[in-house]
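Data first, discussion second: the structure below is written as structure tokens.
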Amino acid sequence: MESAIKSYANSNLPSASLTQKGVVQLSSSTNSTSETLAATPKAVKAALDASLPVGGTAKAAEKLATSRKISGVDFDGTKDITLPFINTTDTNVQLAGTLTEQGHIISQGNLISKTNIGADGRCDITGDLRGGRVLSKSDVIVGEGQAGGYATISSTGNIIGAQWGGSWLSTRTARAFAVFNAKTGAVSGSVGISSVVRNAAGTYTVVFSSAMPGAYAVVVGVDGAYNTHEPTVTSKAATSFRILTPADGGVDYGLQDQNEIQFVVFSVGT
Numbered sequence: 072m073e074s075a076i077k078s079y080a081n082s083n084l085p086s087a088s089l090t091q092k093g094v095v096q097l098s099s100s101t102n103s104t105s106e107t108l109a110a111t112p113k114a115v116k117a118a119l120d121a122s123l124p125v126g127g128t129a130k131a132a133e134k135l136a137t138s139r140k141i142s143g144v145d146f147d148g149t150k151d152i153t154l155p156f157i158n159t160t161d162t163n164v165q166l167a168g169t170l171t172e173q174g175h176i177i178s179q180g181n182l183i184s185k186t187n188i189g190a191d192g193r194c195d196i197t198g199d200l201r202g203g204r205v206l207s208k209s210d211v212i213v214g215e216g217q218a219g220g221y222a223t224i225s226s227t228g229n230i231i232g233a234q235w236g237g238s239w240l241s242t243r244t245a246r247a248f249a250v251f252n253a254k255t256g257a258v259s260g261s262v263g264i265s266s267v268v269r270n271a272a273g274t275y276t277v278v279f280s281s282a283m284p285g286a287y288a289v290v291v292g293v294d295g296a297y298n299t300h301e302p303t304v305t306s307k308a309a310t311s312f313r314i315l316t317p318a319d320g321g322v323d324y325g326l327q328d329q330n331e332i333q334f335v336v337f338s339v340g341t
């Protein structure tokens, strides 16, 4: 009887399909696409474990099947990465390398640098350039291209410009002066003078701190007796000259010491 039942079942019970009822075969596979096999509880559990729970999050993969790059940084899912970008909401943006400017850098506020700002080329500034000091390694040009002319502040401290007739300011001012005791040669005040030497009564040699750049004139005044004759300037050289202070006796003009002598030197050239 048992054998007859098995034979009948094998020959008359249909296999289950999408269109009819019947006998099915169980399978624990979790990657099958069969439409004739039935899933076991094990296969169902595996599918549920990998699914998104209601109100929860998906099971995180330990590693991407294929690694990718995000903003040039390798990412395979195994660790956190830091992206090399500037957040526009940051209040303190710091760059470890060099900022290369391909167009215009526009600022609606202040651009502040806590260190030096270096530029290999020319810097064109349309507004005011303000600071505690302005330092230049060479000459400074003021008012370049202006109709009224411009001025040059030389690295030596001299100034040339239209205001001075297109020449240096130093040619329009005194180059040297001194006040000294006529009896001892002791200098009480001077500019551009290295020394004053009393050679003899009424005879003095004056030495400049630096050579005169061109022809020069000396104006001398004395404080002394009423019978003093006009002082004489002699032995003029680029580095020195002599002052003589004669007396005026009508027929006798011998040299004599005065109380004090003052002189001013003017020179052309730069």
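Per my numbering, the very first residue in the sequence shown carries number 72; after that it's consecutive.
Quick reminder that beta carbons are idealized off the backbone N, C-alpha and C, glycines included.
Contact belief for residue i with residue j at Cβ below 8 Å, rounded distance in angstroms
i	j	result
phenylalanine 337	alanine 288	5 Å
valine 304	valine 291	6 Å
tryptophan 328	asparagine 298	It is aspartate, not tryptophan, that sits at residue 328 in the sequence shown. Contact flag wrong, Cβ pair sits at about 13 Å.
glycine 273	leucine 326	3 Å
tyrosine 221	glycine 232	7 Å
glycine 285	valine 339	4 Å
Residue i - containing beta strand (DSSP E), residue span
i	result
alanine 114	From DSSP, alanine 114 is part of no beta strand (DSSP E) but of the alpha helix (DSSP H) over 112-120.
leucine 182	First-last for leucine 182: undefined, no H or E at that position.
isoleucine 264	264-271
asparagine 330	Element bounds for asparagine 330: n/a, residue is neither H nor E.
arginine 313	311-315
serine 230	Just to set this straight, residue 230 is isoleucine in the shown sequence, not serine. 230-232 is the extent of the beta strand (DSSP E) around isoleucine 230.
glutamine 343	Missing from the structure shown is residue 343; the chain here goes from 72 to 341 and no further.
valine 211	211-213
threonine 276	274-279
valine 304	303-305
Residues near residue i by beta carbon distance below 7 Å, same chain, minus five either side
i	result
alanine 309	Ala282, Met283
arginine 139	Phe146
serine 306	Phe312, Arg313
alanine 245	Val335, Val336, Phe337
glutamate 106	Leu89
tyrosine 324	His300, Pro317, Ala318
Nearest-angstrom Cα separation, counted from residue j out to residue i
i	j	result
valine 144	isoleucine 196	39 Å
arginine 193	serine 280	39 Å
asparagine 163	aspartate 210	38 Å
threonine 186	glycine 180	19 Å
isoleucine 264	asparagine 330	20 Å
leucine 119	leucine 108	18 Å
glutamate 301	leucine 315	9 Å
alanine 110	lysine 92	16 Å
isoleucine 183	valine 267	55 Å
threonine 90	alanine 136	38 Å
glutamate 133	glycine 189	48 Å
isoleucine 141	threonine 149	14 Å
glutamine 165	histidine 175	19 Å
serine 103	leucine 97	12 Å
valine 293	asparagine 270	17 Å
threonine 223	valine 205	15 Å
Cross-strand partners of residue i (DSSP beta bridge)
i	result
tyrosine 287	Ser338
arginine 139	Phe146
isoleucine 188	Isoleucine 188 pairs with nothing; no bridge assigned.
aspartate 294	Glu331
serine 261	Ala249
isoleucine 224	Val211, Ile230
serine 86	Val94
leucine 108	Gln96
threonine 299	Ala318
Contacts around residue i, its chain only, beta-carbon distance under 6 Å, and the 5 residues preceding and following it disregarded
i	result
serine 99	Thr111, Lys113, Ala114
valine 258	Ala249, Phe251, Val267
Test: residue i CB closer than 8 Å to a CB of chain D
i	result
serine 105	Here there is only one protein chain, and chain D is not present.
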